[in-house]
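Before any comments, here is the structure.
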């Protein structure tokens, strides 16, 4: 039994017509845009320069300074890196070299210690020591002998005890007559020294000044033969010498010693 004919050919024709209409519209739009772009390009002109807005110009200037700062930082970093490399290379090179020892001269303290510890005898130091030491053994007044303890550590114990006994023996007479006694040295001669043993001997001249009742002054010749030892200066004895023995004479006996010395031409034994 036969039915109506299928409608597929009519549907196919309508679909093909619709596609043709879409293609024609797309072609017209494309042709229209192409023609409009050509006309606009023909009419427009490109300006030689375009001014930037103020905000954009400020931003450009700040950006340009930042670029310069970055370049300066890079340059400084390069110098620092070069300096570090130079220091490290110098340290590496010096670490491979043998050390060089440079001996400096002695300091002032070391030179003074060497001078004070030397066994050689200096006349100036010897004279200075005698002028500071011997008057302490003869200084006295009606108040006693307060300067004698200063000689402790500077003279031998026997010399100190002899001086103390001599001053104490005349203490009553000194107090009664208000005596003041001082020793003044006038010369040091005939200095004989032995560097090996560190000993020295000298002949000392001077005079004793005795004042009675603080009014009348008398002067007596004084001579002495001293024996010294070289000493290392310290807190107890700041002098470079130490008085080992002292033989002394006063008055006419001292002058006789001078005559005996001048007759022999050398220090008496």
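In this note's numbering, the protein residues as written are 12 to 280.
Cβ atoms here follow ideal geometry from the backbone N, Cα and C, with glycine treated the same way.
* Asked: Considering residue 168, what are the terminal residues of the beta strand (DSSP E) in which it resides?
  -> Here residue 168 refers to the residue found at position 157 when the chain shown is read from its first residue. Segment 168-180 is the alpha helix (DSSP H) holding residue 168; no beta strand (DSSP E) there.
* What runs of the alpha helix (DSSP H), each 4 residues or longer, lie entirely inside the region 233-276? -> 263-275
* Name the DSSP bridge partner or partners of residue 155? -> Counting from 1 along the chain shown, the entry for residue 155 is found at position 144. Residue 155 pairs with 152.
* To do: Going by CA-CA distance only, name the one from 245, 155 and 171 that's closest to residue 162.
  => As a position in the chain shown, residue 162 is number 151, starting the count at 1. With distances taken between Cα atoms, residue 162 lies closest to 171.
* To do: Could you name the residues of the same chain whose beta carbon sits closer than 6 Å to that of residue 158, not counting the 5 residues immediately before and after it, in chain order?
  => Counting from 1 along the chain shown, the entry for residue 158 is found at position 147. Excluding positions up to five away in sequence, the list reads 147 and 150.
* To do: Determine the contact status of residue 273 and residue 233, defining contact as a CB-CB distance below 8 Å.
  => On the chain shown, residue 273 is found 262 positions in, with the first residue counted as 1. On the chain shown, residue 233 is found 222 positions in, with the first residue counted as 1. In this structure, residue 233 does not lie closer than 8 Å to residue 273 by Cβ.
* Asked: When we look at the beta-carbon of residue 236 and count the other beta-carbons within 10 Å, is it buried (16 or more) or exposed?
  -> Taking the first residue of the chain shown as position 1, residue 236 is located at position 225. Answer is buried; the Cβ neighbour count reaches 16.
* Asked: Just curious, the beta strand (DSSP E) that residue 163 is in, first and last residue?
  -> As a working mapping, residue 163 is identified with position 152 in the chain shown. Run containing residue 163: none; DSSP gives neither H nor E here.
* Of all the options 153, 255 and 226, which has the alpha carbon lying nearest to the alpha carbon of residue 181? -> Here residue 181 corresponds to residue number 170 of the chain shown, with the count starting at 1. With distances taken between Cα atoms, residue 181 lies closest to 153.
* To do: Rounded to whole angstroms, what's the CA-CA distance from residue 240 to residue 254? Just pull it up for me.
  => Working through the chain shown from its first residue, we reach residue 240 at position 229. Working through the chain shown from its first residue, we reach residue 254 at position 243. For residue 240 and residue 254, the distance between alpha carbons rounds to 7 Å.
* May I have the straight-line CA-CA distance separating residue 222 from residue 230, to the nearest angstrom? => Numbered from 1 along the chain shown, position 211 holds the residue referred to as residue 222. Numbered from 1 along the chain shown, position 219 holds the residue referred to as residue 230. For residue 222 and residue 230, the distance between alpha carbons rounds to 9 Å.
* Any heavy atom of the ligand COA closer than 7 Å to the Cβ of residue 222? -> Inclusion of the ligand COA in the displayed structure is not the case, the ligand content being empty and no account of it being possible.
* With DSSP collapsed to three states, give me the class of residue 204. => For the purposes of this step, residue 204 is taken as residue 193 along the chain shown, with counting starting at 1. Of the three classes helix, strand and coil, the one that applies to residue 204 here is strand, per DSSP.
* From residue 92 to residue 79, what does the alpha carbon distance come to, in whole angstroms? -> As a working note, residue 92 is residue 81 in the chain shown. As a working note, residue 79 is residue 68 in the chain shown. Residue 92 and residue 79: Cα-Cα distance of roughly 20 Å.
* To do: In angstroms with no decimal places, state the Cα-to-Cα distance between residue 199 and residue 217.
  => Numbered from 1 along the chain shown, position 188 holds the residue referred to as residue 199. Numbered from 1 along the chain shown, position 206 holds the residue referred to as residue 217. So the alpha carbons of these two residues sit roughly 9 Å apart.
* To do: Return the residue from the list 252, 271 and 99 that minimises the CA-CA distance to residue 136.
  => Within the chain shown, numbered from 1, the residue matching residue 136 stands at position 125. Of the candidates 252, 271 and 99, the one whose C-alpha sits nearest the C-alpha of residue 136 is 252.
* Tell whether a beta-carbon distance below 8 Å holds between residue 238 and residue 212. => Within the chain shown, the letter at position 227 stands for residue 238. Within the chain shown, the letter at position 201 stands for residue 212. Yes; because the gap between Cβ atoms is below 8 Å, this pair is in contact.
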